[in-house]
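K.L.:
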Amino acid sequence: MKKLKPLSILVHVGSLLPLAKLIFDFLTNNFSPNPIQDLEQQTGFAAITLLILSLAITPLRTLFNWRAPAKYRRVLGLYAFLYATLHVTVYFAIDYAFDFSLLFEATLEKRYTLIGTISYLLLIPLAITSYKWGMKKIGKNWKKLHKTVYLIAPMLILHFAWARKGDIFSLQGDVLQPLIYGVLVILFLVVRIPVIRRKLISLRK
Ligand code: HEM
Numbered sequence: 006m007k008k009l010k011p012l013s014i015l016v017h018v019g020s021l022l023p024l025a026k027l028i029f030d031f032l033t034n035n036f037s038p039n040p041i042q043d044l045e046q047q048t049g050f051a052a053i054t055l056l057i058l059s060l061a062i063t064p065l066r067t068l069f070n071w072r073a074p075a076k077y078r079r080v081l082g083l084y085a086f087l088y089a090t091l092h093v094t095v096y097f098a099i100d101y102a103f104d105f106s107l108l109f110e111a112t113l114e115k116r117y118t119l120i121g122t123i124s125y126l127l128l129i130p131l132a133i134t135s136y137k138w139g140m141k142k143i144g145k146n147w148k149k150l151h152k153t154v155y156l157i158a159p160m161l162i163l164h165f166a167w168a169r170k171g172d173i174f175s176l177q178g179d180v181l182q183p184l185i186y187g188v189l190v191i192l193f194l195v196v197r198i199p200v201i202r203r204k205l206i207s208l209r210k
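Numbering (this note's numbering), first residue to last: 6 to 210.
1. So is the beta-carbon of E45 under 7 Å away from any non-hydrogen atom of the ligand HEM?
2. Rounded to whole angstroms, how far is the Cβ of D104 from the Cβ of I41, which I believe are closer than 8 Å?
3. Suppose you measure from the CA of D202 to the CA of A61; what does that come to, to the nearest Å?
4. Starting from K144, trace the alpha helix (DSSP H) both ways and give me its first and last residue.
5. Based on Cα-Cα distance, which residue from L189, P64, A85 and A111 lies nearest to Q47?
6. Ordered along the chain, which non-local residues of its own chain (more than five positions away) have a Cβ less than 6 Å from that of H164?
7. T67 and L181 look like a contact to me (Cβ under 8 Å); what is the Cβ gap, rounded to whole Å?
8. The alpha helix (DSSP H) spanning F103 covers which residue range?
9. For K5 and L107, what's the separation of their Cα atoms in angstroms?
10. Among the residues of its own chain, which have a CB less than 7 Å from the CB of P183, if the five just before and after it don't count?
11. State yes or no: is the C-beta of G82 nearer than 7 Å to some heavy atom of the ligand HEM?
12. Does the beta-carbon of V154, which I'm using as the reference point, lie nearer than 7 Å to any heavy atom of the ligand HEM?
13. Do A89 and L58 come within 8 Å of each other at the CB atom, strictly closer than that value?
14. For the alpha helix (DSSP H) containing R72, list its first residue and its last residue.
15. DSSP three-state call for T211: helix, strand or coil?
16. Suppose contacts are defined by Cβ-Cβ distances below 8 Å. Is L56 in contact with A158 by that definition?
17. Under 7 Å from any heavy atom of the ligand HEM, does the C-beta of L56 make it?
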């Protein structure tokens with residue numbers, strides 16, 4: 006039998022905790038008076054957190070030469086996709102019951118949902134091609150395709166901040182978490198720029 010590694014346990018248990026909490030809250034009737042909003046907020050937050058963690062793995066190797074988490078990048082990305090799918094399903098199927106005229110009006114009112122939808126659509130091909138057969142199927146283009154995550158992540162930060170604030174452009178109120186996540190995304194992307202990456206590796210050595 007394959008031995009379970011502590012890091013593997015941490016990744017899987019940590020990633021499934023938000024889902025376990027949702028199920029627990031459901032079974033114990035522990036939601037707020039607006040359970041749909043609770044579901045949207047908790048699944049959205051889990052999705053973006055896991056996506057950022059998956060983006061952190063390459064910088065960990067660059068900065069600290071820590072290679073062990075590399076194989077969990079795909080796993081974290083797929084867990085992020087799972088929560089994003091739950092988030093989108095709650096919105097379209099439960100909140101709006103697929104009523105497309107209502108959805109259209111809601112999109113005009115809450116523009117951040119459009120950014121969420123585009124981001125989700127862009128994530129689908131990444132999730133589908135994250136398996137070995139997907140890599141084989143698209144060959145050289147795999148890397149190029151998966152680089153779209155560098156665009157999707159900032160779009161989702163915008164979606165997050167905007168959803169929290171209602172108006173992201175007046176920097177008041179509940180923007181601390183999206184701001185921290187935004188700074189992390191910027192750092193994780195900057196570390197990937199080849200000249201900066203080379204510099205950091207030579208400094209480390
Ligand atoms: C990859 C896709 C997506 C991710 C990672 C994501 C992530 C998030 C996050 C982090 C929040 C803020 C949660 C909080 O306040 O703690 C949020 C809120 C929200 N998202 Fe998304 N989102 C995605 C796609 C979508 C889509 C496609 C829609 C609908 C078209 C959507 C609708 C909403 C709504 C309505 C809220 C506000 C919930 C509320 O506070 O009432 N999201 N999302």
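All residues carry an ideal CB built from backbone N, CA and C; glycine is no exception.
P.N.:
Inspection of the coordinates gives the following:
1. yes
2. In fact, because the Cβ distance is near 14 Å, the residues do not count as touching under 8 Å.
3. Residue identity differs from the one stated: residue 202 is Arg in this sequence, not Asp. Computed Cα separation, rounded: 14 Å.
4. First, the residue type needs correcting, since residue 144 is Gly and not Lys in the sequence shown. From DSSP, G144 is part of no alpha helix (DSSP H); its letter is neither H nor E.
5. A85
6. Y117, I120 and G121
7. Not confirmed; about 27 Å, so no contact.
8. Counting along the chain, F103 falls outside any alpha helix (DSSP H), and DSSP gives it neither H nor E.
9. This structure gives no information on residue 5, because the portion of the chain shown stretches from 6 to 210.
10. I162, F165, A166 and R169
11. no
12. no
13. no
14. Here R72 belongs to no alpha helix (DSSP H), and DSSP marks it neither H nor E.
15. What is shown of the chain runs 6 to 210, which leaves residue 211 out entirely.
16. yes
17. yes
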